[in-house]
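Numbering (the working numbering), first residue to last: 3 to 455.
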């Protein structure tokens, strides 16, 4: 009711607002400025989406093209499986800005109403929701389009906002062809058959949590007998749960780092992470620089489930670096043998191939999926393998300490590290002690931050 952001009267209200009527003939308002007719051409937008309902109400989705609402104005996404929703517009342009809007977030009856968007097809150009050309602008009404509270594009919309798609045609990044595997020497393999973690081989974190969220404690790490283990009969389990005693109000999870250090090599891990209905935890397998000079010396995440903490779909390969003093991240969404985004909640085997000019991950022995480098440079320093169940701020409460309603676990069946003889210029054997003081090793990996917040 502030008189700002006023347009002419209309039959359909697509946003929270008020139709303001003046009935006093002596106080007739000036007619609204004429609205220019659309100057673009006809076009089609196809959004592949699914939803979760609350109080028997499903998420509602609308699409805007260059600021004008496409037809139909609002659709109810009444499906728990991905389906295609088609919108038409007469305001298409060669380089359109397309907004996919979620405006009725809510919860009730023990359920949370959310919208999940897989991709947006703009006149034949299919753009994944997590593409670099997509940002998520939080907010309802005009706030969803003000550019004031934005994050990288994402598949999961847990709050009201708009996925803003810059649909300009771009030259695809030239992907490197997959390369033949190199001969390698096995340096380390662990299937946890001994039933315990040995501190001679692993540094177990005991510190504050990732980016200051929660705590890292050795008590979160265990080795359990489990029939799902393919070798050794045991699984490594990292459990995130609310603490007890003096830590009762804090989320406690864990992580550990292998003392083997080397530059380049092949790393393999069979792993899965349970879904997190509280949208807080992230299971990750990564390489961390021995120097702890982050992000300048880089970081390689070859199993990362941060994008959708509820479903663990997809899994990312991410490369961190520092360019012109700024932290940058290049990434690749991993796919399974059917070409679908990998489900990180299910068992898969991930093999990282790290060379001076090549970074790729194979899933379940499939073809290498090669990272197309854009800004970041590949690390050329000794690194160590780390396994972490990270705590993040909840999407619904930015800036607050996270809490979870039930335990969430990350399981690892086995890991192996192989060394490339052609690049063997650094240590390739496990050391009795870390190359840097242990306190530093405990604190730095959990405190890495990514641009998502």
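Glycine residues also receive a C-beta, built at the ideal position from the N, C-alpha and C atoms.
**OP:** Check residue 229 in the structure and name its three-state DSSP category.
**Re:** In this structure, residue 229 counts as coil in the three-state DSSP scheme.
**OP:** Kindly indicate the opening and closing residues of the beta strand (DSSP E) around residue 284.
**Re:** Annotation: the continuous beta strand (DSSP E) that includes residue 284 extends over 283 to 291.
Original post:
By how many angstroms is the C-alpha of residue 333 removed from the C-alpha of residue 427?
Top reply: Any answer about residue 427 is weak, because its pLDDT of 49 lies below 50 and its placement is not dependable; what the coordinates show is given next. Rounded to whole angstroms, the gap between the alpha carbons of residue 427 and residue 333 is 27 Å.
Original post:
Can you give the beta carbon distance from residue 218 to residue 255, rounded, assuming they're within the 8 Å contact cut?
Top reply: Indeed they touch by this definition, with Cβ atoms about 7 Å apart.
Original post:
Since residue 258 and residue 417 are thought to touch, with beta carbons under 8 Å apart, how far apart are those beta carbons, to the nearest angstrom?
Top reply: Taking a contact as a CB-CB distance under 8 Å, the pair residue 258 and residue 417 does not count as one, their CB atoms being some 11 Å apart.
**OP:** Could you tell me the boundaries of the beta strand (DSSP E) in which residue 404 lies?
**Re:** It is not in any beta strand (DSSP E) - residue 404 carries neither H nor E in the DSSP assignment.
Original post:
Does the separation of the CB atoms of residue 242 and residue 213 fall below 8 Å?
Top reply: A distance of 8 Å or more separates the beta carbons of residue 242 and residue 213.
Original post:
Quick one, are the C-beta atoms of residue 274 and residue 346 less than 8 Å apart?
Top reply: Residue 274 is a Cβ neighbour of residue 346, given a cutoff of 8 Å.
Subject >> Residues sharing a beta bridge with residue 67, DSSP >> reply: As a beta-bridge residue in DSSP terms, residue 67 pairs with 70, 100.
Original post:
Hey, how far is the Cα of residue 15 from the Cα of residue 405?
Top reply: Their backbone Cα atoms lie some 37 Å apart in a straight line.
Original post:
Under 8 Å between the Cβ atoms of residue 46 and residue 81?
Top reply: Taking 8 Å as the Cβ cut-off, residue 46 and residue 81 do not qualify as a contacting pair.
Original post:
On the three-state DSSP scale, how would you describe residue 147?
Top reply: In this structure, residue 147 counts as helix in the three-state DSSP scheme.
Subject >> Three CB pairs or more closer than 8 Å across the segment 367 to 379 and the segment 276 to 286 >> reply: The segment 367 to 379 makes no contact with the segment 276 to 286: fewer than 3 CB pairs, one atom from each, lie closer than 8 Å.
Original post:
With C-beta atoms as the reference, is residue 72 less than 8 Å away from residue 90?
Top reply: Between residue 72 and residue 90, the C-beta gap is smaller than 8 Å, which places the two residues in contact.
Subject >> Member of 204, 49, 58 whose CA lies at the smallest distance from the CA of residue 67 >> reply: When only C-alpha atoms are compared, the closest one is 49.
**OP:** Assuming residue 139 contacts residue 147 (C-beta within less than 8 Å), just tell me the rounded distance between them.
**Re:** A Cβ-Cβ separation of about 6 Å places residue 139 in contact with residue 147 under the 8 Å criterion.
Subject >> C-beta contact flag for residue 168 and residue 70 at 8 Å >> reply: For residue 168 and residue 70, no; Cβs fall outside 8 Å.
Original post:
When the distance is taken between beta carbons, is residue 359 closer than 8 Å to residue 380?
Top reply: Contact flag set, yes.
**OP:** Please report the residue range of the beta strand (DSSP E) in which residue 87 lies.
**Re:** First-last of the beta strand (DSSP E) with residue 87: 85 to 94.
**OP:** Return the chain-ordered ranges of every beta strand (DSSP E) run that is complete within the segment 176 to 245 and spans a minimum of 3 residues.
**Re:** Scanning the segment 176 to 245 from its first residue to its last, the whole beta strand (DSSP E) runs of 3-plus residues come out as 187 to 192, 204 to 206, 223 to 227, 236 to 244.
Subject >> Spatial distance of residue 142 from residue 150 (CA atoms) >> reply: Whole-angstrom Cα-Cα distance: 12 Å.
Subject >> Reference residue 378, options 402, 324, 343, closest by Cα >> reply: Taking only the C-alpha atoms, the option nearest residue 378 is 324.
Original post:
Does the Cβ-Cβ distance between residue 131 and residue 115 come in under 8 Å?
Top reply: Note that the C-beta distance between residue 131 and residue 115 is not below 8 Å.
Original post:
Can you name the residues that DSSP bridges to residue 356?
Top reply: When DSSP reads this structure, residue 356 sits in a beta bridge with 267, 361.
Original post:
DSSP puts residue 332 in a beta bridge; with which residues?
Top reply: In DSSP, residue 332 forms a bridge with 321.
**OP:** Starting from the C-beta of residue 179, find all residues in its chain whose C-beta is less than 8 Å away, skip the five residues before and the five after it, and write them out in chain order.
**Re:** These residues qualify, in order along the chain: 372.
Subject >> Burial state of residue 442 (16 or more Cβ within 10 Å) >> reply: For residue 442, the predicted structure reports a pLDDT of 31, less than 50, and the residue's modelled location is therefore unreliable. The matter cannot be settled from this model.
Subject >> Nearest-angstrom Cα separation, counted from residue 62 out to residue 394 >> reply: A straight line joining the alpha-carbon of residue 394 with that of residue 62 spans about 27 Å.
Subject >> Alpha-carbon to alpha-carbon, residue 10 and residue 3 >> reply: Whole-angstrom Cα-Cα distance: 15 Å.
Original post:
Any idea which residues DSSP pairs residue 456 with across the strands?
Top reply: Past the edges of the chain, shown from 3 to 455, lies residue 456, and the structure says nothing about it.
Subject >> Alpha carbon of residue 229 to alpha carbon of residue 391, nearest angstrom >> reply: Residue 229 and residue 391 have their C-alpha atoms some 22 Å from each other.
Subject >> Boundaries (first-last residue) of the beta strand (DSSP E) holding residue 122 >> reply: Counted as a single uninterrupted DSSP element, the beta strand (DSSP E) harbouring residue 122 occupies residues 113 to 124.
Original post:
Buried or exposed: which applies to residue 21, given that a residue is buried once 16 or more other Cβ atoms fall within 10 Å of its Cβ?
Top reply: Classification for residue 21: exposed.
Original post:
For residue 224, which residues from the same chain have a beta carbon less than 6 Å from its beta carbon, with the 5 sequence-adjacent residues on both sides left out?
Top reply: Cβ neighbours of residue 224 beyond the five flanking positions: 239.
Original post:
Looking only at its own chain, which residues have a Cβ that is under 6 Å from the Cβ of residue 113, when we skip the five neighbours before and after it?
Top reply: So the list reads 56, once near-sequence residues are dropped.
Original post:
From which residue to which residue does the beta strand (DSSP E) around residue 392 run?
Top reply: Element bounds for residue 392: 385 to 393.
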